[in-house]
Amino acid sequence: MSKKYDLFHLRNSNSGKEIQNNPVVSNSDVVEIEGEILKVIYISEDEAYAVFRVRDKEENIITVTGPLAGAFEGQEIKATGKWENHSEYGKQFKVEHFTLSIPKTAKGIEKYLSSGLIHGIGTKRAKLIVSHFKDKTIDILDNYSARLTEIPGLGRKTVESIRKSWNEQSSKREAIIFFQGLGISIPYCSKIFKQFGPSALKIVKDDPFLLAESIHGIGFTKADIIAKNLGIGHNDDKRLTAGVRHTLNKLSEAGHVCYPLNDFIRINAETLEISEEESKKSVRLALEKKTIIIDTLANHSGNKEYIYDSLMYYTETGLAKLIKNLLSVQTHKGMFLDNVKAENNRKILFNEEQLTAINNISKSPLSIITGGPGVGKTTIVGEIIRRATCANLKIALAAPTGRAAKRLNESTNHHAQTIHRLLKWDPISKNFVHGINNKLNTDILVVDESSMIDIALALNLFKAVKKGTTVIMVGDADQLPSIGPGNVFRDMIESKICPVTFLKNIYRQSSDSRIIPTAHAVNNGKVPDLFLTDDKKLTDFYWIEQNEPEKISKMILKLVAERIPKRFNLNPFRDIQVLTPMSKGNCGTIFLNELLQKHLNSSAKTSFSYGGKTFKTSDKVMQTVNNYDKNVFNGDIGFITAIHQEEKTFSVHFEERVVHYDFDESDELILAYAITIHKSQGSEFPAVIIPCIMSHYIMLQRNLIYTAITRAKKLLILIGTKKALGIAVSNCKIEPRFSGLLERLKGLSVSNNFCP
């Protein structure tokens, strides 16, 4: 929703008369208003602030502001607060406390029934029911629901389903009204009941901060508003304890597994808006609750205390122990690959680096192969598969994302799958099938795109590796680190606990290709050759000089919608991907997605809106969180194939499978016509368009641009200024990710220490 709204020149939808300004009341008076919500003008993205229009008992139209996100049009509201005189919008009523009740007007009841709370009643059915029973609808549903059969178009099965849903909802009605009064919207009410069941009301009253941990979409900020509405103080122990987890989660989103304790206390104080003394108290409270652990780690400046979320601590220490156990075996299956060297009759000439990588596999149960595009990583994996097949060894290929696994499958002609599918998620036990007590039945495990693996996924993977298995980690250490916390691949390389082969010689390069040389030039800190020698001949890399973001966004639209499909015969939906460093601005994902959706998918027949986002059939979307129950994961890209308005569900086709969602689960998805470069890791696209401009200054880093370039398979287009590109290429500074894994791996007591 836009923040631009004209509060005093709207027209009353009921009477058609122009809405007048509020009656004059002293700003210092605490007063009470009561009436019907006529219109929702604005709700902030975090739902912390809303602007409503309310008609009171005296027929005055009032502008009401405050944390009212749980309410909707047609509901009855009773609120206490004060009048304020806004410099731009005039007199407004600022709510301090409010309660809601079931709507009484036909329009309000229709809105209530359409909210999605009652399964089986969507917009069309709500309209049918209310148009028949008018303002008596609630009474009919409560006491005479058999009369629903009077309505043309509602069969007996449908009526029975509606009656059942209404009766189930009736038992929750008191709790729902209470939740709405706390600023919890109807979709989140449904999620809370789904998670906590009959205990939902008691749990929320006792500790609303549990919502931040349990309900996707309700973070600490929303839970904090709910707590405030419940009367929980700013310095309450519950808030301070939950706040520590919140600050750690925010740091985790930035890639940190842990954080220096003294720095954390300062950041935590700023985040929670408390003093540093109160921040220290919050850490003590969290220690007592055992939700955090403080550990001393050695680094270049000596010993230092670091704070961990408890789960992160056990994840990191557990991973280090598992790697130690894997390396401790004297014999492993990779040793048998040496016996089949002579059987290579395919006349493939391996360079010295590649031979070293292949030979290293027999030296250790864990080895690493790293290098940029075109240096022969796939060729080596193919040779590993050939030798393992000749030695009758079982081999498994895996990658962190579906697209990376598919690419690995296509390039090796051997079955490959995501790590999640390799480990097999069990939705009943909420755990992977393969783990400590049920190891993977494989002799050789090759993991591609290993730089993408965060610390949690690494732990689950190594849990499932049995002793004697040979593990080969393949990836590009110069690309961006994982989206999730940790820097596992780089830490394993720097620890020197196993053989590491650095591939540098370009092995795969078409004489006409410019993508791979461009990628290597950037990775080596050089601005690539941006100009064509023959502008009449099609090539796979183009540079477009432009410094105005508005013109760049228009150019991107023209490239995606017209020029690339026409000249290169590529599909604008499936083949072309816009990659940008940031989410905000004219060249950010938010604006570009709205622009591309509007022009590329204007003919969509069905759509729905949820949480300020609109989705249409055929839209390109990306999953933003791991949903193990649906077997779909952060970074997976798909297309909306169907939207069912009455059932409030929709379907998304990911690779070779269809996943079904409720509307209130759409907050797990974003439009994906344009995605951030971070989100593109592990993927490869036929055509890639990358804006590179000075307004992205904070994100102009070598590994970011390098990662984006290496996503392009057939066509790469960079749009921006040479100055911005030069800054990105020269900026090789990598933001630190605090983790103790490197120190823990260095401290492993294993028989060999391999120096690459």
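The working numbering applies: residue -1 is where the sequence shown begins, and numbers increase by one.
All C-beta atoms, glycine included, are put in the ideal place defined by N, C-alpha and C.
Specify the secondary structure class of ARG51 as computed by DSSP and reduced to three states. Taking the sequence shown and counting its residues from 1, the one referred to as residue 51 is at position 53. In this structure, ARG51 counts as strand in the three-state DSSP scheme.
Does the pairing of the segment 555 to 562 with the segment 662 to 670 give three or more beta-carbon distances under 8 Å? Because the criterion of three Cβ pairs below 8 Å is not met, the segment 555 to 562 and the segment 662 to 670 do not touch.
Cutting at 7 Å between CB atoms, please list the residues of its own chain near ALA173, excluding the five before and the five after it. As a working note, residue 173 is residue 175 in the sequence shown. These residues qualify, in order along the chain: ALA198, LEU199.
Would you mind reading off the limits of the beta strand (DSSP E) that contains SER365? Looking up residue 365 in the sequence shown gives position 367. Per DSSP, SER365 belongs to the beta strand (DSSP E) from 364 to 369.
Contacts around MET692, its chain only, beta-carbon distance under 7 Å, and the 5 residues preceding and following it disregarded: To locate residue 692, count along the sequence shown from 1; it is residue 694. The residues are THR719, LYS721, ALA722.
Tell whether a beta-carbon distance below 7 Å holds between PRO684 and ILE717. Here residue 684 is taken as the residue at index 686 of the sequence shown, counted from 1. Here residue 717 is taken as the residue at index 719 of the sequence shown, counted from 1. Their beta carbons are not under 7 Å apart, which means PRO684 does not touch ILE717 by this criterion.
At the level of alpha carbons, what is the spacing between HIS244 and GLU57? As a working note, residue 244 is residue 246 in the sequence shown. As a working note, residue 57 is residue 59 in the sequence shown. About 44 Å.
Assign LYS122 to one of three DSSP states: helix, strand, or coil. Working through the sequence shown from its first residue, we reach residue 122 at position 124. Here LYS122 sits in helix by DSSP.
Suppose contacts are defined by Cβ-Cβ distances below 7 Å. Is GLU682 in contact with ARG655 by that definition? In the sequence shown, the residue the question calls residue 682 occupies position 684. In the sequence shown, the residue the question calls residue 655 occupies position 657. In this structure, GLU682 keeps its C-beta atom at 7 Å or more from the C-beta atom of ARG655.
Which same chain residues, not among the five before or five after SER448, have their C-beta less than 7 Å away from its C-beta? In the sequence shown, counting from the first residue as 1, residue 448 sits at position 450. So the qualifying residues of the chain are MET471, VAL472, GLY473, PHE487.
Going along the chain, which residues of its own chain have a beta-carbon closer than 7 Å to the beta-carbon of PHE539, five neighbours each way excluded? One-based indexing of the sequence shown puts residue 539 at position 541. Hits under 7 Å: ARG512, ILE513, THR516, LEU714.
Contact between the segment 448 to 465 and the segment 396 to 407 is defined here as three or more beta-carbon pairs at a separation below 8 Å; is this criterion met? Yes: at least three Cβ pairs fall under 8 Å.
Please report the distance separating the alpha-carbon of THR416 from that of ALA403. Residue numbering aside, residue 416 sits at position 418 when the sequence shown is read from its first letter. Residue numbering aside, residue 403 sits at position 405 when the sequence shown is read from its first letter. Rounded to whole angstroms, the gap between the alpha carbons of THR416 and ALA403 is 6 Å.
If you drop the 5 nearest sequence neighbours on each side, which residues of the same chain put their C-beta closer than 7 Å to that of ASN407? The sequence position of residue 407 within the sequence shown is 409, counting from 1. Listed in chain order, the non-local C-beta contacts of ASN407 below 7 Å within the same chain comprise HIS413, ALA414, local neighbours out to five positions each way being set aside.
Buried or exposed (CB count within 10 angstroms, at least 16 for buried), ILE426: Your numbering for residue 426 matches position 428 in the sequence shown. The residue is exposed, with fewer than 16 neighbouring Cβ atoms inside 10 Å.
Close beta carbons around ILE588, own chain, < 7 Å, minus the five adjacent residues each side: Within the sequence shown, the letter at position 590 stands for residue 588. Excluding positions up to five away in sequence, the list reads SER581, LYS582.
Mark LEU309 as exposed unless 16 or more other C-beta atoms lie within 10 angstroms of its C-beta, in which case mark it buried. The residue you call residue 309 lines up with position 311 of the sequence shown. By the neighbour-count rule (16 or more Cβ atoms within 10 Å), LEU309 is not buried but exposed.
Could you check which residue in LYS375, LYS331, HIS330 has the C-alpha nearest to that of GLU351? Start at 1 with the first residue of the sequence shown, and residue 351 comes out as number 353. Selected option, being the one with the closest Cα: LYS375.
For GLN477, which of VAL520, LYS464, PHE460, ALA462 has the nearest alpha-carbon? For the purposes of this step, residue 477 is identified with residue 479 of the sequence shown, where counting begins at 1. Nearest of VAL520, LYS464, PHE460, ALA462 to GLN477, Cα basis: VAL520.
Of the residues ASN227, ILE160, GLY316, LYS302, the one placed nearest GLU457, counting alpha carbons only: One-based indexing of the sequence shown puts residue 457 at position 459. One detail in the question is off: residue 457 reads as Leu in this sequence, not Glu. Ranking ASN227, ILE160, GLY316, LYS302 by Cα distance to LEU457 puts GLY316 first.
SER143 to GLY151, Cα distance in whole Å? Numbered from 1 along the sequence shown, position 145 holds the residue referred to as residue 143. Numbered from 1 along the sequence shown, position 153 holds the residue referred to as residue 151. Going from the Cα of SER143 to the Cα of GLY151 covers about 16 Å.
In DSSP terms, what LEU81 is bridged to: Taking the sequence shown and counting its residues from 1, one reaches residue 81 at position 83. A small fix is needed here, since residue 81 is Trp in this sequence, not Leu. Partner(s): PHE91.
Can you tell me where the alpha helix (DSSP H) holding LEU478 begins and where it ends? Reading the sequence shown from its first residue, position 480 is the one you call residue 478. Looking at the DSSP string, LEU478 is not in any alpha helix (DSSP H), and its letter there is neither H nor E.
Using only the alpha-carbon positions, how far apart do ALA252 and SER480 sit? Residue mapping note: residue 252 aligns to position 254 of the sequence shown, counting from 1. Residue mapping note: residue 480 aligns to position 482 of the sequence shown, counting from 1. C-alpha of ALA252 to C-alpha of SER480: approximately 10 Å in a straight line.
When DSSP labels each residue in this structure, what does ASN834 get in the three-state scheme? In the structure as shown, the chain starts at -1 and stops at 754, and residue 834 therefore has no counterpart that could be examined.
Distance, GLU644 Cα to LYS603 Cα: Along the sequence shown, one-based indexing puts residue 603 at 605. Along the sequence shown, one-based indexing puts residue 644 at 646. Computed Cα separation, rounded: 15 Å.
May I ask you to verify whether the segment 66 to 77 touches the segment 102 to 114, counting CB pairs closer than 8 Å and requiring at least 3? Per the Cβ contact rule, the segment 66 to 77 is in contact with the segment 102 to 114 (3 or more Cβ pairs under 8 Å).
CA nearest to the CA of ASN485, picked from SER737, LYS535, ASN357, GLY433: Residue numbering aside, residue 485 sits at position 487 when the sequence shown is read from its first letter. Residue SER737 is the option with its Cα nearest to ASN485.
Is the beta carbon of LEU66 sitting closer than 7 Å to the one on ARG53? Indexing the sequence shown from 1 puts residue 66 at position 68. Indexing the sequence shown from 1 puts residue 53 at position 55. No, Cβ-Cβ distance for LEU66 and ARG53 is not below 7 Å.
Could you compute how far the alpha carbon of SER409 sits from the alpha carbon of LEU208? Your numbering for residue 409 matches position 411 in the sequence shown. Your numbering for residue 208 matches position 210 in the sequence shown. Rounded to the nearest angstrom, the gap between the Cα atoms of SER409 and LEU208 is 46 Å.
Within the segment 247 to 286, note down every full beta strand (DSSP E) run reaching 3 residues or more, in order along the chain. Segments of the beta strand (DSSP E) lying fully in the segment 247 to 286: 256 to 258.
For the alpha helix (DSSP H) that contains GLN193, what are its first and last residues? As a working note, residue 193 is residue 195 in the sequence shown. Where GLN193 is concerned, the enclosing alpha helix (DSSP H) starts and stops at 184 to 194.
Suppose the cutoff is 7 Å on Cβ atoms and the five residues either side in sequence are ignored; what does the same chain contact list for ALA672 look like? In the sequence shown, the residue the question calls residue 672 occupies position 674. Counting only Cβ-Cβ distances below 7 Å, and skipping sequence neighbours, we find VAL576, THR578, THR587, LEU590, ASN591, LEU594.
Are ILE305 and ILE321 closer than 7 Å when you measure CB to CB? On the sequence shown, position 307 is the one that residue 305 refers to. On the sequence shown, position 323 is the one that residue 321 refers to. Not in contact: ILE305 and ILE321 (Cβ atoms no closer than 7 Å).
ARG572 versus PHE262 - alpha carbon distance: Counting from 1 along the sequence shown, the entry for residue 572 is found at position 574. Counting from 1 along the sequence shown, the entry for residue 262 is found at position 264. In a straight line, the C-alpha of ARG572 is about 43 Å away from that of PHE262.
Buried versus exposed, by CB contacts within 10 Å (16 or more), GLU286: For the purposes of this step, residue 286 is taken as residue 288 along the sequence shown, with counting starting at 1. Exposed, because fewer than 16 other Cβ atoms sit within 10 Å of the Cβ of GLU286.
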